[in-house]
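Encoded as structure tokens, the structure appears first; notes follow it.
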Amino acid sequence: MADTRGALAQDGRRAERLELRVPTTPTQLPAVRAMAGDLAIRMDYDLDSVEDLRLAVDEACATLSAIALGDAPLTVVFETTRAGLHIDAWVPTAPGTEVPRDGFGWAVLATLADNVDGRPATQRDVPAGDGTDSAVAVISMDKYLPGQRPEQLVGSAGSDLSVAP
């Protein structure tokens, strides 16, 4: 699903929100990686950043697939911003399930993405959720365009981030 709400992202491009829902099977997860790479190329990321983003999305999907409830699908929401690309990936889980934040996989993810967070949430709290209190686990990440870190966009829409000195 593409959502172009009229807001401009960067360089006059329209902001987009793309939602992708796939089974959590190893044969379907490459579609998410391909979508991330395609969006990054269209947003003019350099080739190293495109590959970093693909690998980060792969790792996030693999992490979430391991804790998904039964055969619940993986939902990934890509949003373009002035700073770059924001991604929320989530799966339904048993209540109280935490996103594993230790080990090599999380270290890789934290290295490849500019900003990453993993947490339990509800369908009400995530983009493309059904609005219920059903438990989900979500990984959110950002990959910034060169020269577009949030601290460099002070005063721009969506820059309500605080940056520690």
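Read in this note's numbering, the sequence shown has 537 at position 156, and its numbers run on one by one without any break.
In this text, a Cβ means the ideal position worked out from N, Cα and C, and glycines have one as well.
Asked: A412 vs V438 beta-carbon contact at 8 angstroms; Found: no
Asked: Host alpha helix (DSSP H) of E432 (start-end); Found: 428-448
Asked: Nonlocal neighbours in the same chain, by C-beta distance under 6 angstroms from A491, ignoring five residues either side; Found: V497
Asked: Three-way DSSP call (helix, strand, coil) for P411 in this model; Found: helix
Asked: Neighbour-count burial assignment, A415, 16 or more Cβ in a 10 Å radius; Found: exposed
Asked: Helix, strand or coil at D419 [DSSP, three-state]; Found: helix
Asked: Alpha helix (DSSP H) segment containing L493, residue limits; Found: 484-493
Asked: Length of the line joining the Cα atoms of L526 and I422; Found: 11 angstroms
Asked: CA nearest to the CA of P454, picked from Q409, I520, A502; Found: Q409
Asked: Helix, strand or coil at R386 [DSSP, three-state]; Found: Confidence in R386 is poor, its pLDDT being 40 and thus under 50, which makes the residue's placement too unreliable to answer from.
Asked: Residues bridged to T474 (per DSSP); Found: According to DSSP, which records beta bridges pairwise, T474 is partnered with nothing at all.
Asked: Beta bridge counterpart(s) of M424 as assigned by DSSP; Found: Paired residue(s): none; M424 is not in a bridge.
Asked: According to DSSP, residues forming a beta bridge with G465; Found: Y525
Asked: Range covered by the beta strand (DSSP E) that runs through T503; Found: 496-503
Asked: Where A518 sits in the DSSP three-state scheme; Found: strand
Asked: Neighbourhood of T405 by C-beta, 6 angstroms cutoff - its chain only, sequence neighbours within 5 removed; Found: S446, A449, L455
Asked: Length of the line joining the Cα atoms of T428 and R505; Found: Inspection of the sequence shows that residue 428 is occupied by Leu rather than by Thr. Approximately 36 angstroms between the Cα atoms of the pair.
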